[in-house]
Each structure stands twice: as structure tokens, then as C-alpha cells.
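Colleague: Pasting a structure here, questions to come.
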């Protein structure tokens, strides 16, 4: 039952990522009732997820309960899942059975991994989208070193510590740099039998270039910085199979103790539920006002939206997501004031950056000046920007402290393994590949 | 194959809890090779586990990788599991296949929950021994509030938020106080539909007294402090059944959205593997030198040991565990020097304390003065002692910061829900028990 005319309007926001959260924040003091729905109770600061995955930060340092961020009289937060959207009745159905009415609907449920139809690969090669993903990747990477230490103690040799990262975009590059750092800087002193610095990190990228969205000089710089860390890069390498313990490129088998997926994303399935035209990745085709054509009460924001400005698609990263959320909120405020919105969404691109382990990064800066940065300077820019945008003072302080500790003193942040002690494919590895001379002599031959 | 006479002696330590860790630390500069084996890669500071469970602290703040703590030339750390001990061959078999020789064996694998033979209860009512347990308890407690909010939104009523804690020892009391704090202090402002302060916490204790190990005046004080927080206590209440959504005391059914187990512990199964006399909880009977009678090369320390001094059993808490580990190390050092140990283990009891939420606690102090403390004073003593004994500067600093933030500003620490959104028994609850008048009006009757 919709409320009688003249009552307060209702905005329903689906998803509390960058887009949804910024839409809600920008509407906090407006004369509307807002309901924001998310499957999780927390907003995750995705750009720092890889630091949780690689044990520099703890989950709670980059996540904050949505309720806490949006504590406001006119906002209500529901931890629930969307099961249906009825555009003509203007209702959203939730899994719990709740039905929400809306006057304005903001759909911002983002994207998820795409395994290009090979969903069975997801168990073997996890991707990095959620805190659970991050903790699972951390578990696998740390466990590989522990298992190798045990194997060395038992047999005198160990499976080579080859880490394979599928995909050479920003996430792949960040994971590669961070694993290399962990092995070479932080784990060095911790093991008696294995040499953690013998770990190899390989990036497999299908296209001819890593960091395809970056200008060529920064791509080249990233390659140099990665190679300096010992990371191997193979471009033009299409992965044809992912199995426990190895991946295949064409017919070539590449052994891997831990395989990570950073290759593809697809839109959240909510795009389909909307019943409007989608692009091939499942993103919702929207016009300049972020509406699916013909549905002026619906805004699609963030990764889920396919927006083109001057024929160029707006990228699926944090900045445009925040801006779209704010744009949708501003437009809704205009309509509430009885005005007719006429300004379409414009993406104000301040630049883009990817970090490559400790003290290395590339940055394409668009604002406040234009330029390409590499190395230490880019890395400091990265640090500054990411702390600045982190939600909440507590997190900012905690993360800064943790970084100071980690980067200045080479101390581990959160190298805790929780969960199972199984690694997919570990037992299938040949156990006779790396032998080290030194050993403190506690090995027994009584087996 | 044991090494020829004259070679460096080998100490194998099983378990890196308080006892094992302190034994290893005390032997770090001795002329022995040490191998410490634990199923986990980290030492957990168990006295603060309940703060992780109740979202004040993050896992990494109370845990530290064993390798990092014990970085020393003569210590090696294996993340593995013990499958057998051969006392005559002086070997320990590990799950990975590794066989360790020992000259001295320190067994300190602690204790685990006891469900008194009803192991099927463990899924419904988790206990609190590991970081995984703590994160699971956190998930359930926080999720209950979220589910109630959703239910209220949908139906206008919600299942009463009854939390039942089985067991009134220190852990039960700590969990009860902390859940009450969360509901009354931190969650108060976060929900629109439900009133988190309506949450009820009930302690069911089988014996006639909570905190049975404490003197009567402190028991009384604890009861007053708990009641002040709104916690209900029922002593002499034997739980006869634990089911999703409720527990039974005799034939009485008590509804419960989250049931937690703090009732019983039993010794780690390693006691049995030793093949020596055990007490009824599975603890190893040891003499004054912490040896199982007739096995002078084996030391059993910590919760796994049944030690009696002047006819009184040493309690299974952190202090005696640390002291036993240090005693075993000191005795081994004596033997290495060719001396014959003649001093038996003496427990230096500095006292005992249990905290009851924010700013409340009871403490029985034995050293440096004798006395009973309650309330704020006991709580500050508790804070001080626990920060002092936390392993690692980083953790101490992080925990202090987090406490300041939480206790001074009522800010949440780590209220992140990860994992599934299912709560055992939630759907079986009657959905018509609590109705609140206020509601921001976004509910729909279109269902």
C-alpha cells in the first residue's frame, strides 16, 4: 500500500558500497525516509581489502557497521537480501518477507567475480571482493609457508612456493606485490627449514598489457617495479584450466600452491532482477541521469551502472561510484524541491592508482595537477588518499598506526591463520623439488 | 634414530598456550634445540577472547604468530597435530608424517569444552576457546539483533532477544556482562524498529553458586553487579537439553535466540595418547616435579596437568600454566647443567579476577597485598593486569587504544558480522512476542 499523496517520500537504496553509502549520506538531512538494504552489516573499504588478505590490516580496520556510519533519524538499515523488484508497484521484496515501498529507488549492488562460466574454479582460485574472501586468501597464503616448513622438516624438500595470480589489473598487481613483500620482508626471519624468499609470484594476464587502463609509461614502470620485487609477469596468457595445485595456459601446466583470481568481474545479479537492458557484463544501461531508460524513479549507481560520457565508459572503481551516489542524492533533492533536474552526471576524474607492495606504486593524477607518478612518490600519494577516504576516525587512526608499524619496522600486522589447515591440491604436489642445506638438526629418520 | 651421546639435547613442546609458550621462552637461550608444535599458527591470549566474541577487540589484537613470539636460533615452530607419542622410543608422531625425537617432552595442550557427552549441543551452543569460537559467537550475537530488526520491520513484532549462557564461571559471567553492555550501551542508538536494551541475558548455573572458586563476598558482589546490568541468574539449574531456539532446565523450556556454552571443560585428548593415569576430566596425574609417575623425561603443564599442592588442586587458569611452563624449563636447565632437581613445583597465587562488563569486576588479590576488590577498582586492576600480560608491544598498544575508545566514548570496536546469515533455530521462534509502538513508517502491508 503506497502512502497517500503529501506524505514523506521514501527512498530505498540497495547496497551499501561506495555508491549506496554516499547516496544515503547525502540524503541524511533531506525531507525523506531512507531505507538502505545490504546483505552484510558492514561497509567494506574495498581498496584496502588486499591489505587484509596479506595480513597487514585486520578486517575491522577497513570495515564499519552500516548502522554506525548512517546513524540518523531518517535512515533505516536492513541486513537482508533482495529477491524481487516490482517497477510498476514500486516495491522491493526482501528475503525475510519484508516488502519495501519506494518513491525513489537507488540500485547500487556493485559487481562480483566472473569466472567466465567456469564457476567451479572459484573454490580453487578465490577472488577478492569481501572480508571473507580476504581472510580466506590470507589463510591460504600463510598456510602455504607453514605446510612447506612441515614438509621440509619431514622430507628434506618442499613443494616450490609458487603463487599464481590470474589477472594483471590493479587487484592482481597489488596482490602480487604484497605476497612478494610478505615472503621477502616479513617472513624471512620466521622459518628454520624453508627459505621464504624463495617464493615466486607469477601474474598471468590474458591481454597484452598489465594495468590495461593505465598509460603506457606507467604500465612500463609497474613492470619494472614488479620485476624489482621478483614478480614474474606473463601477458597474452589465457588460462585454460584451474585445478588444485596447478593452472593451465594452453597445454602448459604451471604448478601453483595458491592460485588467486583477479581476472574478471561481472555485475551483481540485481541488474537482471530489474528487467531493463544490460550490457554484456550484466551492467545496467543507464542514461545521463543514471536512469534505466523510461524509469525516472530508478537510479543505478556504481559498478552496476553502464554509463558512457562522450562515448567513453565510466570505470568501475570507487571514485565514480561515490560521485554517482552523490549525484543521485542531489537529483532526488531537486525533485523533492519541485525542480526538474537537467544536469546529467559528469565524472570528475581525479586520477587512478595502483600500489605495488611496500614503497612502490603507479599513479595517474588528473587533479589537482595532471601527471604520472611512479615509485615512492606514487606510493605516498596512495597512502594519503586511502587514509583520507577511509570511513571513520577510528579506522583512519588504526590503519595509520598499523602502516607505520608495518612499513617502518617491518612488523607483521595480523598474520593469524584461522579456519581449516587444508590447502586445495597441496597433497598432489611432488614433494621433492626444493632442498635446503641448512636445518637445525631436529629431523628424524625414524619415519 | 636418536642422536649420539654428547650432542645437543632436544626439547619437544606440545602446545603453544600459556604453559608451552612460557616453557619455550624460558629455554630460548639454553643449550638445547627446541621444537614447539601447535595446531594453530598463533598463540591466543585466552583471557581476552570474550572481548573478541563481543566485538570490542579484533582477533589479531589478542593473538600473535608463534613464530614471531619465539624468533630464536634454537626454537623451531611446527604447525601440525600430534597423532602419537612413543614414550620408550622418545618420539612424537605428527599428522604430516614427521617424527620428532625428544630428550625432554613438555606436554601442554590444555583443555577443550566438555558437553558432558552431549557433543551434538556444541553446534547449537558454542563455547569460547579459540579465535574461531569468538568470531562465531560474535556473529550470532550481532546477527540476532539484525534478524530481530528485520522481523520487526516485516511483522511488527519480534522474537524476544533472550541470550542464555550455560555456566556461571568466569567465562559465563564475562560473556553475560559483555552482551548486556553491547545491548544497553553500544547498540542503543543503532536500530530503528527494535529496542536493543530489551535484550535479556540469563545465566544458568548447575551448582548453587556462580563463580564457585571465589569467596562468598565476591560471589555476592558479582551477583549484585550482574543484576545491576539486568542479567538474570539462576543457580541450581541443570540444563537437560539444548535445542535450536531453546534450552530445557528439567522440563521447563526457556527460549533463547543465542545460547552460549561456558559450563564445562575437559582435558585435551593428548592426555590419553600419553598412556598414563588420568583424572576423571582427562587431566594427567603428575607428581610435584610435573612428571607423570615414572616418566622423568615428560613434563605435563597447564590445564592438562592435575597437580595437587597440600591436597589442593592447582586451578586451570593462565597464571599456574605460565608458572608450570617456567618450572619445567628451569628444571630442564638444571638437568642440562648436571644437577639433580629437588625443588617441586610451587604455585605462586597472585589472585584471580573476573570482569563483569564495563567498569565492573571482582578480584581476589593474593599478591602484592591480600584483599577482595569489587566494582570499578577491580575493573581497573583487571585492565592493568591484562594489558601487562598481553604478548607484544603492538597488541598492548592496540588493545589500550581500543579500550580507551570503547570505554570512554562508547564506540564499537569491531562489530563486523562475517560468515553466514543463518542463526540456528531462528525460524522456529514464535514471531509475535515483542511489539514496539515507534516505527519510522516504512513498513508495507503489500506482503
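Residue numbers (our numbering), protein chains in the order written: chain D, 1 to 447; chain U, 1001 to 1447.
For every residue, glycine included, the Cβ atom is placed at its ideal position computed from N, Cα and C.
Note that the structure is a prediction, hence the values are computed from the model and not measured.
Exposed or buried, which one is residue 261(D) when buried takes at least 16 other CB atoms within 10 Å?
Modeller: Residue 261(D) comes out buried.
Colleague: Could you give the residue range of the beta strand (DSSP E) that holds residue 84(D)?
Modeller: 82 to 86
Colleague: How long is the line joining the alpha carbons of residue 480(D) and residue 1069(U), rounded to whole angstroms?
Modeller: Only positions 1 to 447 of chain D appear in the structure, and residue 480(D) is not among them; the question remains open.
Colleague: Helix, strand or coil: which one does DSSP assign to residue 1252(U)?
Modeller: strand
Colleague: So the candidates are 1421(U), 1425(U), 1426(U); which of them puts its Cα closest to the Cα of residue 80(D)?
Modeller: 1421(U)
Colleague: Could you please tell me which residues of the region 1306 to 1323 of chain U, in chain order, have their CB closer than 7 Å to any CB of chain D?
Modeller: none
Colleague: What residues in the region 23 to 52 of chain D bring their beta carbon closer than 8 Å to a beta carbon of chain U?
Modeller: 33, 35, 39, 40, 41, 42
Colleague: Answer with buried or exposed for residue 1060(U), where buried requires no fewer than 16 other C-beta atoms within 10 angstroms of its C-beta.
Modeller: Counting Cβ neighbours within 10 Å, residue 1060(U) comes out buried, since at least 16 surround it.
Colleague: Which word fits residue 1310(U), buried or exposed, when buried means at least 16 other C-beta atoms lie within 10 angstroms of its C-beta?
Modeller: Taking every protein chain shown into account, the CB of residue 1310(U) has fewer than 16 other CB atoms within 10 angstroms, so this residue is exposed.
Colleague: Taking the alpha carbon of residue 1322(U) as the point to measure from, which residue in 1383(U), 1025(U), 1122(U) has its own alpha carbon closest?
Modeller: 1025(U)
Colleague: If you follow the alpha helix (DSSP H) that residue 25(D) is part of, which residue opens it and which one closes it?
Modeller: 18 to 26
Colleague: Against residue 359(D), what residues of chain U qualify as contacts under a CB-to-CB distance less than 9 Å, listed in chain order?
Modeller: The contacting residues do not exist; residue 359(D) stays about 21 Å from chain U at best.
Colleague: Let's test the definition: count the other Cβ atoms within 10 Å of the Cβ of residue 73(D) and tell me whether it reaches 16, buried, or not, exposed.
Modeller: exposed
Colleague: Count the other CB atoms, across all protein chains shown, that sit within 10 Å of the CB of residue 1228(U); report buried if there are 16 or more and exposed otherwise.
Modeller: exposed
Colleague: Can you give me the start and stop residues for the beta strand (DSSP E) that residue 232(D) sits inside?
Modeller: Here the beta strand (DSSP E) through residue 232(D) covers 232 to 234.
Colleague: With a threshold of 7 Å on Cβ separation, who are the neighbours of residue 142(D) within its own chain once the five nearest residues in sequence on each side are excluded?
Modeller: 55, 415, 417
Colleague: Suppose you measure from the CA of residue 1134(U) to the CA of residue 289(D); what does that come to, to the nearest Å?
Modeller: Taking the straight line joining both Cα atoms gives about 46 Å.
Colleague: Considering residue 65(D), what are the terminal residues of the beta strand (DSSP E) in which it resides?
Modeller: 63 to 65
Colleague: Hey, which unbroken runs of the beta strand (DSSP E) at 3 residues or more fall wholly within the region 1072 to 1147 of chain U?
Modeller: Entirely contained in the region 1072 to 1147 of chain U, the beta strand (DSSP E) runs reaching 3 residues are, in chain order, 1075 to 1079, 1082 to 1086, 1091 to 1094, 1099 to 1101, 1104 to 1107, 1111 to 1113.
Colleague: Under the assumption that residue 1267(U) contacts residue 1253(U) (Cβ atoms under 8 Å), give the Cβ distance between them as a whole number of angstroms.
Modeller: The pair is not a contact, with the Cβ atoms about 33 Å apart (cut-off 8 Å).
Colleague: Is there a Cβ from chain U that is less than 8 Å from the Cβ of residue 151(D)?
Modeller: yes
Colleague: Closest Cβ-Cβ distance between residue 1020(U) and chain D: below 8 Å?
Modeller: Using a CB distance cut-off of 8 Å, residue 1020(U) does not count as an interface residue toward chain D.
Colleague: Using a Cβ-Cβ cut-off of less than 7 Å, list which residues of the region 332 to 353 of chain D approach chain U; keep chain order.
Modeller: none
Colleague: Just checking: is the beta-carbon of residue 96(D) within a distance shorter than 8 Å of some beta-carbon in chain U?
Modeller: yes
Colleague: On the premise that residue 1359(U) lies in contact with residue 1376(U), defined as a C-beta separation below 8 Å, what is that separation, rounded to the nearest angstrom?
Modeller: 5 Å
Colleague: Quick one, are the C-beta atoms of residue 1239(U) and residue 1248(U) less than 8 Å apart?
Modeller: yes
Colleague: Could you give the DSSP three-state label for residue 1298(U): helix, strand or coil?
Modeller: Three-state DSSP puts residue 1298(U) in a strand.
Colleague: Can you tell me where the beta strand (DSSP E) holding residue 1334(U) begins and where it ends?
Modeller: Note, residue 1334(U): premise wrong, no beta strand (DSSP E); alpha helix (DSSP H) at 1318 to 1336.
Colleague: Assign residue 1445(U) to one of three DSSP states: helix, strand, or coil.
Modeller: At residue 1445(U) the pLDDT is 34, less than 50, meaning the model places this residue with poor confidence; the figure from the coordinates comes in the next sentence. DSSP places residue 1445(U) in coil when its eight states are reduced to three.
Colleague: Taking 8 Å as the threshold (C-beta atoms), are residue 125(D) and residue 173(D) in contact?
Modeller: no
Colleague: Going along the chain, which residues of its own chain have a beta-carbon closer than 6 Å to the beta-carbon of residue 1448(U), five neighbours each way excluded?
Modeller: Shown here, chain U extends from 1001 to 1447; a query on residue 1448(U) therefore has no answer.
Colleague: What would DSSP say about residue 1180(U), mapped onto helix, strand or coil?
Modeller: helix
Colleague: Does residue 1069(U) have its Cβ less than 8 Å from a Cβ in chain D?
Modeller: False, the Cβ-Cβ gap to chain D never drops below 8 Å.
Colleague: What does the alpha-carbon distance come out to for the pair residue 217(D) and residue 355(D)?
Modeller: The alpha-carbon atoms of residue 217(D) and residue 355(D) are separated by roughly 15 Å.
Colleague: Against chain U, with Cβ distances strictly below 8 Å, would residue 192(D) count as a contact?
Modeller: Yes, contact with chain U.
Colleague: Would residue 65(D) be called buried (16 or more neighbouring beta carbons within 10 Å of its own) or exposed?
Modeller: Residue 65(D) counts as buried, since no fewer than 16 other beta carbons sit within 10 angstroms of its beta carbon.
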